[in-house]
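Protein chains in written order, with numbering that gives the first Met the number 0: chain A, 0 to 302; chain B, 0 to 320.
Built from N, CA and C at the ideal position, the CB exists for glycine as well.
Quick caveat, the model's predicted, so the values are computed rather than measured.
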Amino acid sequence: MTDPGRPDQAVIVDRGYRHYEGERTGRRGAMRAIVREGFRRVIGLRRKTKHKLFPWSLIALALASVVIVVAIVWVSSSVIGSDAADDLIPRYAGYFDFISVVALLFTAYCGPQLLVPDRTHGVLNVYFSRPLSATDYLVAKGGAYAAVIYSYWLVPQLLLHLGLAALSPDGFITYLRDTTDILWKVPLAATVYFALHASLIFLASSFINRVGAATSVFLAGIYGLNLVALFFQEAITTPGARWATLVALEQHPRHIRDWIFDRSSDVVIPAQAGFGPGVSLAVVCGVVAASVGLVWWRYRRLA
Amino acid sequence: MRPRESELVTEHRTTPEAGAPIIETGGLHKHYGNIRALEDVDLDVRPGVTGLIGANGAGKTTLIRILLGLTRPTAGEVSVFGVPVSQDPAGLRARIGYMPENKCLPLDQTAADFVAYAAELAGIPSAEARRRSSETLFLVGLHEERFRYLGDFSTGMQQRVKLAQSIVHDPELVLLDEPASGLDPTGRERMLRLIARFREFGISVLFSSHILDDIERTCDWVLMLHEGRLIHSAPLDPPTEGSQVSLEVFGDPQPLIADLVSRGVSPSVEGTVITVEGLDTDGFVLVRDALASSGASVRRMGAGLSRLEDVLESATRVRHD
Numbered sequence: 000m001t002d003p004g005r006p007d008q009a010v011i012v013d014r015g016y017r018h019y020e021g022e023r024t025g026r027r028g029a030m031r032a033i034v035r036e037g038f039r040r041v042i043g044l045r046r047k048t049k050h051k052l053f054p055w056s057l058i059a060l061a062l063a064s065v066v067i068v069v070a071i072v073w074v075s076s077s078v079i080g081s082d083a084a085d086d087l088i089p090r091y092a093g094y095f096d097f098i099s100v101v102a103l104l105f106t107a108y109c110g111p112q113l114l115v116p117d118r119t120h121g122v123l124n125v126y127f128s129r130p131l132s133a134t135d136y137l138v139a140k141g142g143a144y145a146a147v148i149y150s151y152w153l154v155p156q157l158l159l160h161l162g163l164a165a166l167s168p169d170g171f172i173t174y175l176r177d178t179t180d181i182l183w184k185v186p187l188a189a190t191v192y193f194a195l196h197a198s199l200i201f202l203a204s205s206f207i208n209r210v211g212a213a214t215s216v217f218l219a220g221i222y223g224l225n226l227v228a229l230f231f232q233e234a235i236t237t238p239g240a241r242w243a244t245l246v247a248l249e250q251h252p253r254h255i256r257d258w259i260f261d262r263s264s265d266v267v268i269p270a271q272a273g274f275g276p277g278v279s280l281a282v283v284c285g286v287v288a289a290s291v292g293l294v295w296w297r298y299r300r301l302a
Numbered sequence: 000m001r002p003r004e005s006e007l008v009t010e011h012r013t014t015p016e017a018g019a020p021i022i023e024t025g026g027l028h029k030h031y032g033n034i035r036a037l038e039d040v041d042l043d044v045r046p047g048v049t050g051l052i053g054a055n056g057a058g059k060t061t062l063i064r065i066l067l068g069l070t071r072p073t074a075g076e077v078s079v080f081g082v083p084v085s086q087d088p089a090g091l092r093a094r095i096g097y098m099p100e101n102k103c104l105p106l107d108q109t110a111a112d113f114v115a116y117a118a119e120l121a122g123i124p125s126a127e128a129r130r131r132s133s134e135t136l137f138l139v140g141l142h143e144e145r146f147r148y149l150g151d152f153s154t155g156m157q158q159r160v161k162l163a164q165s166i167v168h169d170p171e172l173v174l175l176d177e178p179a180s181g182l183d184p185t186g187r188e189r190m191l192r193l194i195a196r197f198r199e200f201g202i203s204v205l206f207s208s209h210i211l212d213d214i215e216r217t218c219d220w221v222l223m224l225h226e227g228r229l230i231h232s233a234p235l236d237p238p239t240e241g242s243q244v245s246l247e248v249f250g251d252p253q254p255l256i257a258d259l260v261s262r263g264v265s266p267s268v269e270g271t272v273i274t275v276e277g278l279d280t281d282g283f284v285l286v287r288d289a290l291a292s293s294g295a296s297v298r299r300m301g302a303g304l305s306r307l308e309d310v311l312e313s314a315t316r317v318r319h320d
């Protein structure tokens with residue numbers, strides 16, 4: 000027979016309810032929480048394994064591409080000579096192209112993950128019952144998206160920079176000192192890519208209630224518009240047709256990137272149609288403004 | 000005065016009678032085009048557990064959304080804790096908890112993570128949010144399951160997580176929109192017991208439901224909405240323990256009535272429903288004995304059969320007449 004008085008057999012059956020009178024972090028704290036939770040959701044942290052597979056595969060691809068580029072630099076510089084290798088290997092600006100398909104896939108995957116489940120699972124009811132506005136919510140989600148995407152663009156670029164510095168015949172420190180412009184050019188170019196892609200994927204994710212469908216619409220739109228622009232460029236000879244090439248939205252960040260890195264933009268559709276990088280910048284700004292407006296309008300109605 | 004943070008609270012924070020109104024509305028209207036969701040609603044809700052009852056489409060959810068500052072009224076005034084909702088909706092929402100009727104859970108998160116996140120969204124710092132998440136899930140009976148993913152939870156467990164997220168940030172008022180919907184009888188019973196406990200935690204409750212029995216068992220006060228209008232606002236007397244018994248019988252009630260009269264009782268009869276009141280002894284024992292000796296069969300029996308049903312019926316009848 001058990002002894003009911005023995006302390007090692009005691010069981011807490013009711014701990015009651017504890018009130019809270021400590022600090023409250025307000026809207027800023029709530030927005031920080033959304034950024035952190037959004038970051039976790041996108042890369043599958045604190046989720047089942049199946050949620051980690053796709054994002055981590057793309058992250059691994061991006062990092063592997065850096066290793067490949069640095070390895071090629073090492074092999075080619077020792078076999079062909081450093082000057083010859085310079086022309087063959089994608090450096091900072093070229094690296095944007097080198098991983099563009101993978102990066103676009105990652106971009107297309109992240110946006111819907113941040114917005115669609117909150118809407119389809121009804122979690123917006125919880126967000127908007129807290130001291131948050133629709134604007135706070137969207138700004139915080141944008142912050143989470145920026146944290147993920149900038150990491151995706153910039154961490155491989157940083158590793159590339161360090162790798163190239165390590166292999167430089169001038170020495171590690173000298174290379175870093177001679178390439179300080181990279182420290183603003185790469186983030187600036189990444190910002191242009193981020194702004195355009197984020198606004199478009201958020202737009203798709205705001206109106207489409209399935210993650211896969213939003214991703215597909217974004218990718219189909221980006222590449223489909225390239226084909227439309229090529230059609231107008233190649234097949235239509237009327238004077239106004241060149242303006243239609245501006246629908247090649249995916250090409251504008253490349254055009255601006257080449258402007259930032261002071262490179263030739265011969266293969267970029269808007270440049271081939273005779274438009275300068277300023278026009279591409281105006282198109283990017285216009286698309287971003289229109290998309291942000293539509294997304295905000297949509298969430299004001301949902302809140 | 001509210002207890003210190005470290006104390007466990009089991010006593011009343013405020014009493015329903017003593018406190019000032021926590022919710023007040025005056026001439027509240029909400030129209031969606033030609034649809035009149037709320038029509039000239041004047042409310043005065045005191046602290047305690049208040050039931051908001053009405054059929055589907057009566058305006059309950061619209062009223063709750065207006066109280067949260069998520070929907071603007073077409074006309075009229077509304078204030079919570081004495082503060083006009085339009086003046087500081089975000090500030091008020093920090094003091095209010097809300098359990099939506101519909102789904103609101105991210106199925107790929109664990110219960111502990113989600114409830115902690117809900118606390119952080121209300122401004123509780125991260126470490127404290129995790130502590131409170133654990134405590135609140137213990138309170139709703141999900142401590143063992145707190146690291147399971149919400150997608151693996153049953154409907155009843157999901158309802159309890161929804162309840163947990165509504166109180167994790169220590170609100171002064173919680174708005175519960177049909178909290179027992181979709182639950183089996185055991186789950187419903189458990190949910191109602193939990194809600195009734197909020198009174199002892201000093202958390203006021205506005206509890207929306209279209210199930211009269213849930214309101215009768217849980218609430219101190221009842222508000223009744225019908226087609227957007229407030230048709231009833233009154234306290235709910237606690238069920239009379241043994242001094243009043245109502246029962247409905249199958250077939251002819253006369254043998255039972257005769258038996259009750261022979262025992263010195265004057266029952267009131269309406270069809271097959273018999274009510275016995277004003278007893279000195281335990282009414283249930285008396286009625287049990289009368290049933291046994293008369294051989295009558297009981298359809299249902301209780302300490303007053305759905306008093307709200309009578310109120311709702313008469314109120315809607317008056318409006319339609």
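Query                                                                                                                   : Result
First and last residue of the uninterrupted alpha helix (DSSP H) at B:D212                                              : L211 to T217
Any chain A beta carbon closer than 8 Å to B:R131                                                                       : yes
Counterpart residues of B:S328 in DSSP-defined beta bridges                                                             : Any answer about residue 328 of chain B is impossible in this case: the structure gives chain B only from 0 up to 320.
Contacts of A:A302 in chain E (Cβ-Cβ under 9 Å)                                                                         : Of the protein chains in the structure, A and B, none is chain E.
Beta-carbon gap between B:V167 and B:R131 smaller than 8 Å                                                              : yes
Whole-angstrom distance between B:Q164 and B:K59, CA atom to CA atom                                                    : 21 Å
Candidates B:A195, B:L175, B:G201 and B:T109: closest to B:H209 by CA position                                          : B:L175
Contacting positions in the region 45–59 of chain A - beta carbon closer than 8 Å to chain B                            : R45, R46, K47 and H50
Under 9 Å by beta carbon: chain A residues contacting B:I230                                                            : Going along chain A, no residue has its Cβ under 9 Å from B:I230, so there is no contact; the nearest lies around 27 Å.
Per-residue contacts from A:P116 into chain B (C-beta, under 7 Å)                                                       : P105
Short-range partners of chain A found in the region 96–122 of chain B, where Cβ spacing is below 8 Å                    : G96, Y97, P99, N101, K102, C103, L104, P105, L106, D107, Q108, T109, D112, Y116, A117, E119, L120, A121 and G122
Top-ranked residue by Cα proximity to A:T119, from A:R90, A:K140 and A:I207                                             : A:I207
8 Å Cβ cutoff, B:Q253 in contact with chain A                                                                           : no
B:G81 in three-state terms, based on DSSP                                                                               : coil
Coil, strand or helix - B:T274 by DSSP                                                                                  : strand
Coil, strand or helix - A:I98 by DSSP                                                                                   : coil
Neighbourhood of A:Y174 by C-beta, 6 Å cutoff - its chain only, sequence neighbours within 5 removed                    : A164 and S167
Every unbroken beta strand (DSSP E) within the region 240–290 of chain A, with a cutoff of 3 residues, ordered by chain : none
Three-way DSSP call (helix, strand, coil) for B:G26 in this model                                                       : strand
Beta-carbon gap between B:L27 and B:V77 smaller than 8 Å                                                                : yes
Host beta strand (DSSP E) of B:A36 (start-end)                                                                          : I34 to V44
Contact set for B:A289: own chain, Cβ-Cβ below 7 Å, skip 5 residues either direction                                    : L255, D258, L259 and R262
C-beta neighbour in chain B for A:P168, strict 8 Å                                                                      : no
Nearest candidate by alpha-carbon position, reference B:D87, set B:A291, B:V284, B:G68 and B:I63                        : B:G68
Under 7 Å from the C-beta of B:D169: neighbouring residues of chain A                                                   : H18 and Y19
Neighbour-count burial assignment, A:F171, 16 or more Cβ in a 10 Å radius                                               : exposed
Contact belief for B:I70 with B:L222 at Cβ below 8 Å, rounded distance in angstroms                                     : Before going further, note that residue 70 of chain B is Thr rather than Ile in the sequence given. So it is not a contact: roughly 18 Å between Cβ atoms.
Host alpha helix (DSSP H) of B:S165 (start-end)                                                                         : T154 to I166
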